[in-house]
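The structure under discussion appears below in the form of structure tokens.
Number of protein chains: 2
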Amino acid sequence: MAKDKKFVESITDMEVDFPQWYTDVVIKAELVDYSSVKGCMIIRPYGYAIWELFQKQMDDMFKATGHENVYMPVFIPESLLQKEKDHVEGFAPEVAWVTHGGDQELTERLCVRPTSETLFCDHYKNIIHSYRDLPKLYNQWCNVVRWEKTTRPFLRTTEFLWQEGHTAHATQEESEAETIRMLNVYADFCENILSIPVIKGQKTEKERFAGAKATYTIESLMHDGKALQSGTSHNFGDGFARAFGIQYTDKNNELQYVHQTSWGATTRLIGAIIMVHGDNRGLVLPPKIAPIQVIIVPIAMQKGGVLEKANELKDRLSDFRVKVDDSDKTPGWKFSEYEMKGVPIRLEVGPKDIENNQVVLVRRDTGDKKLVSMDNLEDEVASLLDEIQHNLFVKATERLNAKTSVATDMTEFQDALDDNPGFVKAMWCGDQACEDEIKELTGATSRCIPFEEEHISDTCVCCGKKAKHMVYWAKAY
Amino acid sequence: MAKDKKFVESITDMEVDFPQWYTDVVIKAELVDYSSVKGCMIIRPYGYAIWELFQKQMDDMFKATGHENVYMPVFIPESLLQKEKDHVEGFAPEVAWVTHGGDQELTERLCVRPTSETLFCDHYKNIIHSYRDLPKLYNQWCNVVRWEKTTRPFLRTTEFLWQEGHTAHATQEESEAETIRMLNVYADFCENILSIPVIKGQKTEKERFAGAKATYTIESLMHDGKALQSGTSHNFGDGFARAFGIQYTDKNNELQYVHQTSWGATTRLIGAIIMVHGDNRGLVLPPKIAPIQVIIVPIAMQKGGVLEKANELKDRLSDFRVKVDDSDKTPGWKFSEYEMKGVPIRLEVGPKDIENNQVVLVRRDTGDKKLVSMDNLEDEVASLLDEIQHNLFVKATERLNAKTSVATDMTEFQDALDDNPGFVKAMWCGDQACEDEIKELTGATSRCIPFEEEHISDTCVCCGKKAKHMVYWAKAY
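Chains as they are written, first to last, in the numbering used here: chain A, 13 to 489; chain B, 13 to 489.
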């Protein structure tokens, strides 16, 4: 058992060193490996299986809302990137530039896409002519590159995987409705698939996406009290359309500019799953995103009938993602290993269990053990998975609430961050100067102006002038 | 009707100008659009939906054979690419080089992956230690870049999408078995999903993949008699393992090098679907890869009950990919449009049909019309889709056979290519000089030494010396 314990003990406690705990978990749970390519990660089979479940379920939600997938080039010519002024200013400092093809120098540099607004605009200009061509509801799943100085697996990497939705509409009202609709899809996905509660709101002008008229965000809260921007949705109005000349003929035969949106979610959310649900024994996965939902560990495997029964149970549970570990490791080692990997349910079955027509089910989220009859195993597993999925959301919601403070002046603000790191709800006058000062003083940034603002006080937490909005503030990843 | 005809007439006849026919089809069927990025294509929703069906079905076959998906970085540092000598010689001339990140020049150039052997080797070196870690059966779906001078949508593009399998095994026998197994998976996929018959065989040394000990291929034949390499599988032996130092401890506690394979199939196969099954009315899609399997066109749509019935039939056919076109275009226009898009079955339903409790089913592959009772519509559609899937394979096989000639000397060889462009089966002495000369004289290259060689003659078709192998020759894409 000493060896079994070591597997788990070799990870740092999250209370001791949260960043080190995070790194230990991503490596020990075999989600990623470091690569020879600075800032880029290798997503290993277990990590990629999570991403596949993520993609499949989010993609289904996109298709259910009428979106179609496309694929755009990985390169953007420099001249194309420069067409929308704010956009290029935002992205040029962090792109990778291709200057040579084979041994020939290119006449024009190409950047590796950091995001694809410019490519979609270029395409929309070609294919949108009439009001009949609208709306265009496109999405793409792809890799993007942003030159980052400090990187951490999933949270901030030079290359990451994501989806980027890009839509074009006849009117500003329609593009605004789409922007909000997709933010709600993200919130729904986080809450119902990932069991992660989120705050929905609008970014301040300072935190807006380069080129957007309005940026909406969902913000989640990690175990260490830091916020993570978990998905954003942007309304561009007709800004890009004017820069790229994307016009259509309306029903009165008049030329109009289209109104556009974009919205994205990334592999970063795998980091959120780790930091919201994980504990000192490793990863804890919500069942809907778990590559293995039930791990069957045969006990006294060498005894006649045990392995056969384990495989028989696996076959009976074929509605779920189930695996039997019949390797020659000790049961104790296997327990630690699948706890580290966050498998929601461990099913133990040994000779005595078989004799008694029962199995042991162990929950990863609470550690609770339960003896259940083999007769209604399918139902027991189904309801336990539902319960775990729900319980993780409830626990995370309670933590988010417990880690959310209120401040009416900067002393309260700082005390809140020191005593109970997390969100601080406080009023704001609307001036960027106050945002800058709060960041300077506390390290916290404005996360969003929530859709449901509360009245905390009449005056700005920073300058004391008349308040315009309630803002969620936090230190953030 | 003049307008309806125009839709189809605007594509060039394949007998008049095959390359132009191909281009017309990919554009008119809305598979791709050209982009501002030289040599890169935009894959539009209809083309990407084909790719998604392709990915899903091929990925299922990979998983059924025990493979796991991973994701490697998009960049390869120059020093890593150079580790295996033959490999870098093969690829360096055609890679895109990243030299700057933001405004900083990189200390080492990064190439955008043209293929990922070097990255997998680097990772395998980290994670393979013991015989217990073997085999590793990994695959990745991603984009790759090869700097091409002349490009055509799907067939040859600077960036393309593909899957690349990379596996590591304890012995040469196991890596050889894997190489053949995956070639068979490709052949199975082409024949049963895409309805494309293939010739399976081994590449000659000249045509081998850079760094491989053996390359196997499946070769298909296009409508114009040109061959298309449709999937390749490589056995690397321990060549890469020695270059990268990938060793494991065997059961006797001795250090051994691993033996590796790689295998890939690309968006190029969409080009094959077009050029094998297409006709002068556009695309013809095998049902298993068709984004829309049944298009329902309501006739006299304004009449009461027609649209309701069309939607009711759609709901009844929910086991299939079905769409109702209720747009205000004329039925004739819709007929042409979905013929262009290669939809396998058109279902027409109008007031008279409803009166008679029947619908009209029209096959895209033969144009045959059939009146069927509404009562057993589900069965009729299911069996008709099967029949179309099968018929396309039979037709393509007949064409492949008809376009395959035999030659015992170079006069016969040239005559075969002139009179009946396609495969030429001819004997070969094994010398590269003869391969070079045949290419020089006729433009044909050795496609493969088939697994099932026939005896055509005793002597090499080119030099007349003793023959070693039978080879399939052809002009190729």
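By construction, the Cβ of each residue, glycine as well, lies at the ideal position given by its N, Cα and C atoms.
>> I want to verify the contact list: residues of chain A whose CB lies under 9 angstroms from the CB of Val100(B), in sequence order.
In response: Per Cβ cutoff of 9 angstroms: no residues; Val100(B) is ~13 angstroms from chain A at best.
> For Glu42(B), which residues from the same chain have a beta carbon less than 7 angstroms from its beta carbon, with the 5 sequence-adjacent residues on both sides left out?
Replying inline: Arg56, Tyr58
>> Per DSSP, what are the beta-bridge partners of Asn247(B) in this structure?
In response: Ala226(B), Thr273(B)
>> According to DSSP, Val483(A) sits in a beta bridge with which residue or residues?
In response: Ala438(A)
>> Please identify, using Cβ separations under 8 angstroms, the residues of the region 125 to 143 of chain A that lie next to chain B, in order along the chain.
In response: Leu131, Asp134, His135, Asn138, Ile139
> Under 8 angstroms between C-beta atoms, does Tyr260(B) make it to chain A?
Replying inline: no
> Do the region 420 to 439 of chain A and the region 461 to 481 of chain A meet, that is, are 3 or more Cβ pairs less than 8 angstroms apart?
Replying inline: yes
> Quick one, which residues of the region 64 to 97 of chain A are near chain B if we go by CB-CB under 8 angstroms, in chain order?
Replying inline: Glu64, Glu80, Asn81, Val82, Tyr83, Met84, Pro85, Val86, Phe87, Ile88, Pro89, Leu92
> When burial is assigned at 16 or more other CB atoms within 10 Å of the CB, is Lys15(B) buried or exposed?
Replying inline: With a pLDDT of only 47 at Lys15(B), under 50, the local geometry of the prediction cannot be trusted, and the value read off the model is given with reservation. Exposed is the call here.
> What residue from Ser187(A), Met313(A), Asn413(A) has the CA that sits closest to Val336(A)'s CA?
Replying inline: Met313(A)
> Taking the C-alpha atoms as reference points, what is the distance between Asp448(A) and Thr454(A)?
Replying inline: 10 angstroms
> If you drop the 5 nearest sequence neighbours on each side, which residues of the same chain put their C-beta closer than 6 angstroms to that of Lys487(B)?
Replying inline: Lys238, Gly455, Ala456
> At which residues does the beta strand (DSSP E) containing Met53(A) begin and terminate?
Replying inline: 53 to 55
> Cβ atoms of Glu390(B) and Val384(B): under 8 angstroms apart, would you say?
Replying inline: no
>> Using C-beta distances below 8 angstroms, list every residue in its chain close to Asp25(B), excluding the 5 sequence neighbours before and after it, in chain order.
In response: Trp33, Asn292
> The beta strand (DSSP E) with Tyr489(A) in it runs from where to where?
Replying inline: Tyr489(A) -> no beta strand (DSSP E), and no H or E assigned at all.
>> As an exercise, report each continuous beta strand (DSSP E) stretch of at least 3 residues that is fully enclosed by the region 36 to 114 of chain B, in chain order.
In response: 44 to 46, 53 to 55, 87 to 89, 108 to 113
> Does the distance from the C-beta atom of Ile304(B) to that of Val38(B) stay below 8 angstroms?
Replying inline: no
> Whose C-alpha, out of Val197(A), Val49(A), Leu122(A), Ile62(A), is nearest the C-alpha of Gly78(A)?
Replying inline: Val197(A)
>> Residues in the same chain with beta-carbon distance under 7 angstroms from Val288(B), minus the five sequence neighbours each way, listed in chain order, please.
In response: Ile208, Ser232, Met234, His235, Ala408
> Which stretch, first to last residue, makes up the alpha helix (DSSP H) that contains Gln444(A)?
Replying inline: 444 to 454
> What residues from chain B crowd round Pro105(A), counting only those whose CB sits closer than 9 angstroms?
Replying inline: Gly114, Asp115
>> With three or more C-beta pairs closer than 8 angstroms as the rule, is the region 137 to 150 of chain A touching the region 144 to 151 of chain B?
In response: no
>> Rounded to the nearest angstrom, what separates Met13(A) and Glu349(A) at their Cα positions?
In response: Because the pLDDT at Met13(A) is just 40, under 50, the model does not fix this residue reliably, and the point stays unresolved.
>> What are the residues in the region 165 to 184 of chain B lying within 7 angstroms of chain A by C-beta distance?
In response: Glu171, Leu173
> Whose Cβ in chain E lies nearer than 8 angstroms to the Cβ of Pro57(A)?
Replying inline: Protein chains in the displayed structure are A and B, and chain E is not among them.
> Leaving out the 5 sequence neighbours to the left and right, which residues in its chain are closer than 7 angstroms to Ile62(B) when beta-carbon positions are compared?
Replying inline: Ile282, Ile301, Pro303
> DSSP on Val157(B), reduced to helix/strand/coil?
Replying inline: strand
> Where do the ends of the alpha helix (DSSP H) carrying Pro343(A) lie?
Replying inline: 343 to 352
>> Cβ closer than 7 angstroms: which chain B residues qualify as neighbours of Trp109(A)?
In response: Val110, Thr111, His112
>> Helix, strand or coil, according to DSSP, for Phe425(B) in the structure here?
In response: helix
>> Between the alpha carbons of Leu404(B) and Lys95(A), how many angstroms are there, rounded?
In response: 47 angstroms
> Taking only beta-carbon atoms, is Leu122(A) less than 8 angstroms away from chain B?
Replying inline: yes
> Which term fits Arg121(A), buried or exposed, when burial requires 16 or more other beta carbons within 10 angstroms of its beta carbon?
Replying inline: buried
> Got a sec: which bits of the region 30 to 45 of chain A sit with their beta carbon under 7 angstroms from any beta carbon on chain B, in order along the chain?
Replying inline: Asp45
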